[in-house]
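Colleague:
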Amino acid sequence: MQVHDAARPGFADIDWTAPWFAQFAGRGQRWQQAALTSYAVLLAEMNADAGEMRQTTGRGQRLAFIAQDDLPPGAAYEAHIAATGCVPTRHNLHDFFNGSMWFAFPRIKAALNARQSAAIDVLGVGPTRGGVRDTLTLFDENALLFACADPALSAALRGFDWRTLLVARRDAWGASCEVRCFGHALLEKLIAPFKACTGHVWIVDVPSDYFRWDAVARDAWLDESVSAALLNTDALTSRIFAPLPVLGIPGWWAENESPAFYDDISVFRAGRRAGQRL
1 MQVHDAARPG FADIDWTAPW FAQFAGRGQR WQQAALTSYA VLLAEMNADA
51 GEMRQTTGRG QRLAFIAQDD LPPGAAYEAH IAATGCVPTR HNLHDFFNGS
101 MWFAFPRIKA ALNARQSAAI DVLGVGPTRG GVRDTLTLFD ENALLFACAD
151 PALSAALRGF DWRTLLVARR DAWGASCEVR CFGHALLEKL IAPFKACTGH
201 VWIVDVPSDY FRWDAVARDA WLDESVSAAL LNTDALTSRI FAPLPVLGIP
251 GWWAENESPA FYDDISVFRA GRRAGQRL
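Residue numbers (UniProt numbering): 1 to 278.
1. Is the distance from the Cβ of Gln-29 to the Cβ of Glu-78 below 8 Å?
2. To which residues of the same chain is Pro-19 closer than 6 Å at the C-beta, ignoring the five residues directly before and after it?
3. By DSSP, does Gln-2 sit in helix, in strand, or in coil?
4. Decide if Gly-51 is buried, meaning its Cβ has at least 16 other Cβ atoms within 10 Å, or exposed.
5. Would Pro-106 be called buried (16 or more neighbouring beta carbons within 10 Å of its own) or exposed?
6. Kindly identify the DSSP beta-bridge partner or partners of Glu-178.
7. Excluding five sequence neighbours on each side, which residues of the same chain lie with their C-beta closer than 8 Å to the C-beta of Ala-22?
8. Quick one: residues in its chain with C-beta nearer than 8 Å to the C-beta of Pro-207, no 5 flanking neighbours on either side, listed in chain order?
9. Have a look at Gly-99, Pro-250, Gly-271, Asp-234 and flag the residue whose alpha-carbon is nearest the alpha-carbon of Phe-160.
10. Give the list of continuous beta strand (DSSP E) stretches no shorter than 3 residues that lie fully inside the region 31 to 81.
11. For Ile-66, which of Ile-249, Cys-197, Phe-139, Arg-90 has the nearest alpha-carbon?
12. If distances are taken between C-alpha atoms only, which option among Tyr-262, Phe-97, Gly-26 comes closest to Ile-249?
13. Between which two residues does the alpha helix (DSSP H) carrying Ala-220 extend?
14. In terms of alpha-carbon separation, which member of Trp-221, Asn-98, Ala-48 lies closest to Leu-187?
15. Output needed for Ala-155: all residues of its chain with C-beta closer than 8 Å, excluding positions within five of it in sequence on either side, in chain order.
16. Note the first and the last residue of the continuous alpha helix (DSSP H) segment covering Ala-242.
17. Determine the contact status of Ala-111 and Thr-56, defining contact as a CB-CB distance below 8 Å.
18. Quick one: is Val-122 buried, meaning 16 or more other Cβ sit within 10 Å of its Cβ, or exposed?
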């Protein structure tokens, strides 16, 4: 059945109190009001912030946002951003959240763009992206950043040990581990959250002092660390990621206060065979 546009979530449906949106609320609420006014006003607001921040894309070009129709015919999206600094942007939630990430984690976005455009240089734009570009796209669209100072918690995540990670060690969240949303398609889905909504986790080992820093310092550390890893990791494959159902994150959804929430094996799955590498 085709869904009428009016029934789809839009800019007015963003709940900035939700934990996955709250981290971007400062700029996001201002952009939201611009988006509700018009496409042109949204682009102007985004470009005003880009001009103030002086952010660059994957090849050192100054960041700017342009209307999707201004992307030249036949131009590859990532290659155009790298060559010109201009990010084609539609008047929709998907591109709204994509733009937000250029400000929340600018180095990560630039690193993704640098590697995507380098892969296009080598392989061109064909019917398939290739393994590295697929992995970079998966990160860009659906990643969660799992900052963790306790190897046992990272091992529980990799091993699909949901009871340890989300129930028995629940008190560790905020003290030894935490999550930041990055994927803009994932954020779009979380406009209307559902239990099976799952992110692809990039695990980031952090120092124990990390959890004594404020949010700005934490985000800056993640931005630098993850961007360096993206630029310097040769073997980028989807096996790097671990799945995590977003509504299972402690403190992020009221229903998960009950341990029974995690009994749903269609969502909190047993995972891969024992000993199989992620």
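Just so you know, even glycine gets a beta-carbon here, dropped at the ideal spot from N, CA and C.
Note that the structure is predicted; figures quoted are calculated from it, not measured.
Modeller: On the basis of the coordinates in this document:
1. Sequence index remark: in the sequence shown, residue 29 carries index 29 (1-based). Sequence index remark: in the sequence shown, residue 78 carries index 78 (1-based). Going by C-beta atoms, Gln-29 is not nearer than 8 Å to Glu-78.
2. Against the sequence shown, residue 19 aligns to sequence position 19. Within the same chain, and ignoring the five residues on either side of Pro-19 in sequence, the residues whose Cβ sits closer than 6 Å to its Cβ are Trp-252.
3. As a first step, residue 2 is located in the sequence shown; it is residue number 2 there, counting from the start. Residue confidence is low: Gln-2 scores 36 on pLDDT, short of 50, so the model does not pin down where it sits. No coordinate-derived value is stated.
4. Taking the sequence shown and counting its residues from 1, one reaches residue 51 at position 51. Under this definition Gly-51 is an exposed residue.
5. Reading the sequence shown from its first residue, position 106 is the one you call residue 106. Under this definition Pro-106 is a buried residue.
6. In the sequence shown, the residue the question calls residue 178 occupies position 178. Answer is Ala-147.
7. Mapped onto the sequence shown, residue 22 falls at position 22. Within the same chain, Trp-16 come within 8 Å of Ala-22 by CB-CB distance, once the 5 residues on both sides are set aside.
8. Here residue 207 corresponds to residue number 207 of the sequence shown, with the count starting at 1. The residues are Ala-149.
9. The residue labelled residue 160 in the question sits at position 160 within the sequence shown. Between Phe-160 and the set Gly-99, Pro-250, Gly-271, Asp-234, the nearest pair of CA atoms involves Gly-271.
10. With a minimum length of 3 residues, the continuous beta strand (DSSP E) runs that stay inside the region 31 to 81 are 64 to 67.
11. Numbered from 1 along the sequence shown, position 66 holds the residue referred to as residue 66. Among Ile-249, Cys-197, Phe-139, Arg-90, the Cα nearest to that of Ile-66 is on Arg-90.
12. The sequence position of residue 249 within the sequence shown is 249, counting from 1. Per the Cα distances, Tyr-262.
13. Position 220 of the sequence shown, counted from the start, is the residue given in the question as residue 220. 215 to 232 is the span of the alpha helix (DSSP H), which, as asked, contains Ala-220.
14. Working through the sequence shown from its first residue, we reach residue 187 at position 187. Of the candidates Trp-221, Asn-98, Ala-48, the one whose C-alpha sits nearest the C-alpha of Leu-187 is Asn-98.
15. Counting from one through the sequence shown, the residue named residue 155 turns up at place 155. For Ala-155, where only same-chain residues beyond five positions count, the Cβ hits under 8 Å are Asp-161.
16. Here the question's residue 242 lines up with position 242 in the sequence shown. Looking at the DSSP string, Ala-242 is not in any alpha helix (DSSP H); the run it does join, the beta strand (DSSP E), is 242 to 245.
17. Position 111 of the sequence shown holds residue 111. Position 56 of the sequence shown holds residue 56. Going by C-beta atoms, Ala-111 is not nearer than 8 Å to Thr-56.
18. For this step, residue 122 is matched to residue 122 along the sequence shown. With fewer than 16 neighbouring CB atoms inside 10 Å of its own CB, Val-122 falls in the exposed class.
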